[in-house]
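So the sequence shown is residues 1 to 289, counted in full-length UniProt numbering. The beta-carbon is built from N, C-alpha and C at its ideal position, and this holds for glycine as well. A short worksheet on the structure shown next.
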Amino acid sequence: MNTTSDTLNQISILDAFVKVAPYLNQLSQDDVTVGIYNTKELVLNIPGKTFKLPVKVGDPLQEGDIIAKAIMDNQFESMVVPKEVFGVPVVANAIPLRDDNNNVIGGVGLGTSIERKQLLSDVSQNLTNMFENMGATIEEITSSIDELSNNLDHTTEAFHEMGQRVDKIETFSSEVTSISEKSHILGLNASIEAARAGEYGRGFSVVSKEVQNMGSQTKQFANDIKLTTNALSDQIRSLQEMVTSVNQQSTDQAKAIEEMSETIQNVYKDIQQLNSLAATRLDNDKGVD
């Protein structure tokens, strides 16, 4: 009576792989294809979920095929097959199959699609590049805002100095007004004295009228200056308020951009980690140390 052990011994490792192969794709989270050869021809091919090899059962071993190489060299083989061959990039691994006497009786190969991992790596790298560009752009914007803020500060100082000069002009105008009023009073007094002097004060009367006229004109000139300086003061005050408002807005924007920059930096770090993981996973699949 044959035992289970005796039955297993009667099944070659090649036959065992033939029986197990149809389940490998179902058990794997990756998209894999399985090929099994004896020393002469293809015994079984299980296509992947999204791709399949251009082979059929009975096809002879082809020189250069990874399974043929594993059988010929009697060792593990691995290679990356570019997208142009099967429509998707594939990492192929193959091992020789040996009987109980350690003789090579065939080989089995596993082809794993790395399209999703490659896509993930590409997307991750694109995101990394995008965030690097965003970081550079934000630095330029921040620099521009800082420069604008400095210019606004200088403008505010200039308006302040201008306001002080306008105040001085108003002071001069007040002094001119005071002088004109005194001149007018002086001319009026001179006119009164000229009237009292009668014929002898006629020449003095002409001078007194000129003094009065000069006082009136000076007063009008001082009033015109006052009106002009008042209007100028109002405009300076309005511009100062506008500059202050713009300066505050630029400060708020700079703060918001700084906060956004911190957020982008945090996301950028996460993307770098993702990129590193994707690259490591891809390198591992390709057999890169």
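>> For a test of the three-state rule: what should DSSP assign to GLU41, helix, strand or coil?
In response: For GLU41, the secondary structure class from DSSP, reduced to helix, strand or coil, is strand.
>> If contacts are defined as beta-carbon pairs under 8 Å, then LYS40 and LEU61 qualify, I think. What distance do you get, rounded to the angstrom?
In response: That belief holds up - the Cβ atoms of LYS40 and LEU61 are roughly 7 Å apart, short of 8 Å.
> Is the CB-CB distance between VAL80 and VAL88 below 8 Å?
Replying inline: Their beta carbons are not under 8 Å apart, which means VAL80 does not touch VAL88 by this criterion.
> Between the C-alpha atoms of LEU119 and VAL32, what's the straight-line distance to the nearest angstrom?
Replying inline: 17 Å
> Secondary structure at THR112, three-state DSSP: helix, strand or coil?
Replying inline: strand
>> Considering only heavy atoms of the ligand SAH, does any lie closer than 7 Å to the CB of ILE71?
In response: Within the structure as shown, the ligand SAH is missing, as the structure has no ligands at all.
> Can you list, in chain order, the residues of its chain whose CB lies under 6 Å from that of LYS49, leaving out five sequence neighbours each side?
Replying inline: ASP31
>> Does LEU148 come out as helix, strand or coil in the three-state DSSP assignment?
In response: When secondary structure is reduced to three states using DSSP, LEU148 falls in the helix class.
> If you drop the 5 nearest sequence neighbours on each side, which residues of the same chain put their C-beta closer than 6 Å to that of ASN266?
Replying inline: none
> Quick one: any contact between the region 66 to 74 and the region 147 to 163, if contact means 3 or more CB pairs under 8 Å?
Replying inline: no
> For LEU44, which residues of its own chain have a beta-carbon under 7 Å away from its beta-carbon, when the five flanking residues on both sides are left out?
Replying inline: VAL18, ALA21, ILE36, VAL57
> Alpha carbon to alpha carbon, how far is GLU132 from GLY64?
Replying inline: 43 Å
> So, GLY163 versus ILE225, is the Cβ gap smaller than 8 Å?
Replying inline: Contact flag unset, no.
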